[in-house]
Structures are given as C-alpha cells and as structure tokens.
Amino acid sequence: MAECTMETTASPCIVAAERIGGGIFIEFDDGKSGLYSAPLLYTWLSQAVTFDLSDAEKQVEPED
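Per our numbering, the very first residue in the sequence shown carries number 2; after that it's consecutive.
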C-alpha cells in the first residue's frame, strides 16, 4: 500500500493521477478511482490548500 506524503485527516491515499482530456483521473490505494472534470475541481478550489507555483519554482535549486 502506498504511503501518503501529504498530511491530511482523510485516510485514502492517491496512488496515481493523470490528466485526461478536460479532467484528472485519480486512483486511490483502496482500488477505487474516478475521473474528475475540470469544472468540478474548479468549484472545489476554495477548499484546496493554497499553492503558489512561483514560490515552488524559487525553491528548486538549479541543476549543475
């Protein structure tokens, strides 16, 4: 069973995720999976953990 790397209160862990068409296919460690549409995910954006890609890019060290 995959170990979750992000701290959450939910017990299911995501073992795979892939962008397909206009959505994201997600597979959980219990074998359940689903295709989540972009509009559905966008409506839930206010519940997501805030993440700024520009901040993440600043933390990446340049390769030699």
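A virtual CB, placed ideally from N, CA and C, is assigned to each residue, including glycine.
Fair warning: this is a prediction, and the values are worked out from it, not measured in the lab.
Simplified DSSP state of residue i, which is helix, strand or coil
i	result
A3	Caution is warranted here: a pLDDT of 48 is assigned to A3, below 50, making its placement in the model unreliable, and the coordinate value is therefore given only provisionally. Note: A3 maps to coil in three-state DSSP.
A18	strand
S12	coil
T44	helix
N- and C-terminal bounds of the beta strand (DSSP E) containing residue i
i	result
L36	34 to 38
F26	24 to 29
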